[in-house]
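Enquirer: Below you will find the structure I want to go over with you.
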Amino acid sequence: MPADATGDRPVQPRYCRIGTRHSAAQPPVVTARAVATGNERRTTMGSKTDKLTGRIKEAVGVLTDNDHLKREGQRDQAVGEVKEKAERVAEKVQEKVTRAVKKVKNA
Numbered sequence: 124m125p126a127d128a129t130g131d132r133p134v135q136p137r138y139c140r141i142g143t144r145h146s147a148a149q150p151p152v153v154t155a156r157a158v159a160t161g162n163e164r165r166t167t168m169g170s171k172t173d174k175l176t177g178r179i180k181e182a183v184g185v186l187t188d189n190d191h192l193k194r195e196g197q198r199d200q201a202v203g204e205v206k207e208k209a210e211r212v213a214e215k216v217q218e219k220v221t222r223a224v225k226k227v228k229n230a
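Counting in my numbering, the sequence shown runs from 124 upward without gaps.
Right under this line is the structure:
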């Protein structure tokens, strides 16, 4: 290991932060289809997970007479419902866009 300017102690090598231009690693190449599939899966599981954990928290809050935990569970369930509805809306928009693109291509 090299010594510092005075020669007293060894100098620790400095490593670049991830994402700097000194990094030799290249970002993975991802197609649009893979991104859509991954996001779809994540939002579906996220809404179901939120609803399930919300139910569990609410039940534990009721059993332990913990109002904060009960409200947190209700909030998690509401977040899960909102995610589900947003997912449905996104699917409908995607279907409409796909139909519009097909009409333009066929015209």
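The beta-carbon is built from N, C-alpha and C at its ideal position, and this holds for glycine as well.
As the structure is a prediction and not an experimental result, all values here were calculated from the model.
Taking only three categories from DSSP, how would you classify Ala-155?
Expert: Unreliable placement is indicated for Ala-155, whose pLDDT of 49 sits below 50; no coordinate value is reported for it.
Enquirer: In whole angstroms, what separates the C-alpha of Asn-189 from that of Asp-173?
Expert: Each residue's alpha carbon lies about 19 Å from the other.
Enquirer: Span of the alpha helix (DSSP H) holding Asp-190?
Expert: From DSSP, the alpha helix (DSSP H) with Asp-190 extends over 190-229.
Enquirer: In terms of alpha-carbon separation, which member of Val-216, Lys-219, Lys-208 and Lys-226 lies closest to Gly-169?
Expert: Among Val-216, Lys-219, Lys-208 and Lys-226, the Cα nearest to that of Gly-169 is on Lys-208.
Enquirer: Excluding the five sequence neighbours on either side, which residues of its own chain have a C-beta within less than 8 Å of the C-beta of Lys-180, listed in chain order?
Expert: Leu-192, Lys-193, Glu-195, Gly-196 and Asp-199.
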